[in-house]
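Asks: Residue 1 is where the sequence shown starts when you use full-length UniProt numbering, and the numbers rise one by one after that. All C-beta atoms, glycine included, are put in the ideal place defined by N, C-alpha and C.
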Amino acid sequence: MIACEGSHAIALNSKGQVFSWGTSPQACLGHEDAVLFMWGWGARSQLGQDEQKSLLSPTPVNGFNEQPLEDVSCSYGHTAAITANDVAYCWDDNARGKNYKAKCKHCGSMISASTKTCSNFTTHLKRKHPNAFLMPQAPAVPAQGPKADAQGGKYREGDPRQKKITDLLIYLIAKDMLSPSLVESDAFIQFVSTLDQQYQLPSQKHLMTTLLTEKCTVIDDRLKQLLGKMDRVCITLDLCSNLQMKGYLAITCHFIQDWSIQSVLLGCMSFFGCHTADNIARRCHETLDHYSLAEKISNIITDNASTVLNVFRLPGFDDCSSPALLGEFNDVEADENEIEAVNLSECMALLPQHDSCFAHTIQLVVKDGIKNARAINEVLTKAANIVSCTQKSINTSDMLEGEGQAQANIAKGWNSDIKVIRSLLSVPVENLQLLDCQQLSSYERVMLNDLIEILIPFEEATDALQEQDIVTGSFVIPCIRGLQAALDSLKLKHKSAIVTDLLASLNYRMSCYESRDHFICAAILDPRFKLVWCSSNEEKMNMKSKFIEIMSNEFDNEELSSTSSAAGDSVQQPQPKRRKLFSYLPSTKTSSRINIEVDLYLSEPALPEEAKPLDFWKLNESKFPKLSRMAKYYLSIPASSAPVERLFSIIAGKIFRQDRCSMTDAVFQKLIAIKYNGHIIN
1 MIACEGSHAI
11 ALNSKGQVFS
21 WGTSPQACLG
31 HEDAVLFMWG
41 WGARSQLGQD
51 EQKSLLSPTP
61 VNGFNEQPLE
71 DVSCSYGHTA
81 AITANDVAYC
91 WDDNARGKNY
101 KAKCKHCGSM
111 ISASTKTCSN
121 FTTHLKRKHP
131 NAFLMPQAPA
141 VPAQGPKADA
151 QGGKYREGDP
161 RQKKITDLLI
171 YLIAKDMLSP
181 SLVESDAFIQ
191 FVSTLDQQYQ
201 LPSQKHLMTT
211 LLTEKCTVID
221 DRLKQLLGKM
231 DRVCITLDLC
241 SNLQMKGYLA
251 ITCHFIQDWS
261 IQSVLLGCMS
271 FFGCHTADNI
281 ARRCHETLDH
291 YSLAEKISNI
301 ITDNASTVLN
311 VFRLPGFDDC
321 SSPALLGEFN
331 DVEADENEIE
341 AVNLSECMAL
351 LPQHDSCFAH
361 TIQLVVKDGI
371 KNARAINEVL
381 TKAANIVSCT
391 QKSINTSDML
401 EGEGQAQANI
411 AKGWNSDIKV
421 IRSLLSVPVE
431 NLQLLDCQQL
441 SSYERVMLND
451 LIEILIPFEE
461 ATDALQEQDI
471 VTGSFVIPCI
481 RGLQAALDSL
491 KLKHKSAIVT
501 DLLASLNYRM
511 SCYESRDHFI
521 CAAILDPRFK
531 LVWCSSNEEK
541 MNMKSKFIEI
551 MSNEFDNEEL
561 SSTSSAAGDS
571 VQQPQPKRRK
581 LFSYLPSTKT
591 SSRINIEVDL
601 YLSEPALPEE
611 AKPLDFWKLN
621 ESKFPKLSRM
631 AKYYLSIPAS
641 SAPVERLFSI
651 IAGKIFRQDR
661 CSMTDAVFQK
671 LIAIKYNGHI
681 IN
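#1: Is the distance from the Cβ of I548 to the Cβ of C521 below 8 Å?
#2: The beta strand (DSSP E) that contains N299, what's its start and end?
#3: For a test of the three-state rule: what should DSSP assign to M510, helix, strand or coil?
#4: I'd like the ranges of any alpha helix (DSSP H) spanning at least 4 consecutive residues and lying wholly in the segment 434 to 517.
#5: Who are Y171's beta bridge partners in DSSP?
#6: Bridge partners of L249, per DSSP?
#7: So, with DSSP's three-state summary, where would you put Q200?
#8: Report the rounded CA-to-CA distance for K128 versus K101, giving the unit in angstroms.
#9: Tell me, to the nearest whole angstrom, how far the beta carbon of I452 is from that of R422; I am working on the premise that it is less than 8 Å.
#10: State the DSSP-derived secondary structure class of V644, mapped to helix, strand or coil.
#11: Within the same chain, show all residues whose beta-carbon is closer than 6 Å to that of F255, passing over the 5 residues directly before and after it, in chain order.
#12: Among A464, L227 and A611, whose alpha-carbon lies nearest the alpha-carbon of P643?
#13: Using DSSP's beta-bridge definition, name the partner residues of D355.
#14: Any idea which residues DSSP pairs I111 with across the strands?
#15: Report the three-state DSSP secondary structure of S545 (helix, strand or coil).
#16: Quick check on V427: does DSSP put it in helix, strand or coil?
#17: Assign I256 to one of three DSSP states: helix, strand, or coil.
#18: If we count the other Cβ atoms within 10 Å of its Cβ and call it buried at 16 or more, is L619 buried or exposed?
#19: I need the boundaries of the alpha helix (DSSP H) containing Y676, first residue and last residue.
#20: On a CA-only basis, which of D665, K419 and E444 is nearest residue 717? Give me that one, please.
#21: Report yes if the CB atom of D526 is closer than 8 Å to the CB atom of V446, and no otherwise.
#22: Just checking, does the segment 666 to 679 make contact with the segment 206 to 214 on the three C-beta pairs under 8 Å criterion?
#23: I want to know whether the segment 602 to 618 touches the segment 428 to 442 - three or more CB-CB distances under 8 Å.
#24: Expressed to the nearest angstrom, what Euclidean distance is found between the alpha-carbon atoms of F555 and V598?
#25: For I261, list the residues DSSP reports as bridge partners.
#26: How close, in whole Å, do the beta carbons of L266 and I251 come, if the pair is a contact with beta carbons under 8 Å?
#27: State yes or no: is the C-beta of V183 within less than 8 Å of the C-beta of L201?
#28: If you check the beta carbons only, do T361 and N415 fall under 8 Å apart?
#29: What three-state label does DSSP hand V233 in the structure shown?
#30: Give every residue of the same chain whose Cβ lies closer than 7 Å to the Cβ of L448, excluding the five residues on either side of it in the sequence, and list them in chain order.
#31: Apart from the five residues on each side of it in sequence, which residues of its chain come closer than 7 Å, Cβ to Cβ, to P478?
#32: Taking the straight line between their C-alpha atoms, what separation do you get for P625 and K296?
#33: Please classify P528: does DSSP put it in a helix, a strand, or coil?
#34: Per DSSP, what kind of secondary structure is I637 in: helix, strand or coil?
#35: Return the CA-CA distance between L293 and R516, expressed in angstroms with no decimal places.
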């Protein structure tokens, strides 16, 4: 028996359903007189015979021993109880109306009562023993959990909780890169059993052959449905190999949905056989055909690599990072002077329009700038040796603070090395002297500080390009102009060949990006940049005219495509013929509408740098209907292959080496797909 809000006793059946004496508390007796209540005729009519048996027996008023009279006990041993009408009932109808007595535990008095009323009990206690009168405590009623298997007390296979926990288990293994053998670990089995004894852990075989397949099928179907709604998408593509020379080809897809950047993984495939351009292109086409994307790709961003090599590090820093993270994979990097392993440029010739990774091009510019600076290379090597010493000594392992310490452990690029050097220079000289290695002189510290100042613009650009789920394609041209301006300013302060070499390499390697129409359109359609990056009014006018021409051609092509597709469905009115001589000119009607929107858009001031461009277009979609459509296309273009490279950096850890986990290529691909695409079904 348990108590309701007014301390009235209520009853539970075997299903956990609660029954009380009525819907109106005002119809009840005072709570002191109702403590014996358990069930009424209304509740009895709702219970089956088996459920009646499971009802908790009521207890007498505290302080009384009820006489075990046969005429007030039901056949199941339940004692009498009162209702809101002050009438006692039990399961035995013959007991109604009978009298009985109860003996007080405190004074021994015999108090008369009947099955019609029992207020004498509580009245006696309140008058004679007020301090002893206690309301009954509610016994703990175990919560009724989900239905379980009657034989072993386990959830049935189709039980919602069983399915929910299994789904979470799959995501745990995929998201945290755990081995599927985890489900057969004794410690993990004990852990899960402690949390929920009714849950049935799947076997490793069932997990790998059935559950992962079912989950991937759901994700794949949802991905096809999602991509089927897109008119255009962009993809990033990269190839890497581990130390065992096993290749991996990864393809990611990017688009804007509901004014939010969406990134999905199309495939991460183990690569067998020779890494030739034909093999790579064939696997790419197979993946794109699987999702019917062959005609929807507007751009492909790939590493500018022609060879499989280690990523560029500052001199001396190759050995300063954790081998657990850096020793598994070789990244793809462009350097025309190295030994060729696989030529991606040949592969790209077999695919649609593609661009080189902008972040990797920045990396090549930095490499060009310092490769001939012998003095700074020697200082960098000495600094790297000091960093290495801090990692080997127990007493000095925490010497590098904050970001620098973290970057020293996981650094995988020159921009990470810069952060380590910055942290190293912040350590007091007397602390560094505790290390058993050659120290930096005051002049060498000045050289490193100058190098950091020179490379800060490149570091900021690289860090920005590596962020997730943000617009980066519009960043390319303004970034180039910003780097040029920064180097022009640094030339006046630092009479260094490094600045001169950086500027020369920047102008040489970046010229191709400034002529790409899609990067021009992306920059103009970013409300933070518009035409602010142009160096003169003449350039602004030229870029505006070019932008209007591109936009007009875009909509002319769309209208032509729409007209062609509708021609088979209905009879179209004949369009007036245009002279072939002037067919190169954009449609006057379309051009006029574009002009109006462009003029209005560019007349408004640019947004601050921290603003989010997609939020602007979401709010102004109705104001600029045509430009907003183009913004969805151009702002979805990534500037770098960072999304696909991020995949390689994660799977490179020893904890998820495919051979160590003893998993097949099929299981490996399924886990990667769940990790990166699981969000589309949640």
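Replies: Result, derived from the coordinates:
#1: no
#2: I297 to T302
#3: helix
#4: 442 to 465, 476 to 493 and 497 to 514
#5: DSSP lists no partner for Y171.
#6: L239 and M269
#7: coil
#8: 17 Å
#9: 6 Å
#10: helix
#11: M230, V233, Q262 and S636
#12: A464
#13: I301
#14: A102
#15: helix
#16: coil
#17: strand
#18: exposed
#19: D665 to N677
#20: This structure leaves residue 717 out entirely; the chain is present only between 1 and 682.
#21: no
#22: yes
#23: no
#24: 14 Å
#25: I256
#26: 4 Å
#27: yes
#28: no
#29: strand
#30: V379, A383, I421 and L425
#31: A523, F529 and W533
#32: 21 Å
#33: The residue you asked about is not Pro; residue 528 is Arg in the sequence shown. It is coil, neither helix nor strand.
#34: coil
#35: 23 Å
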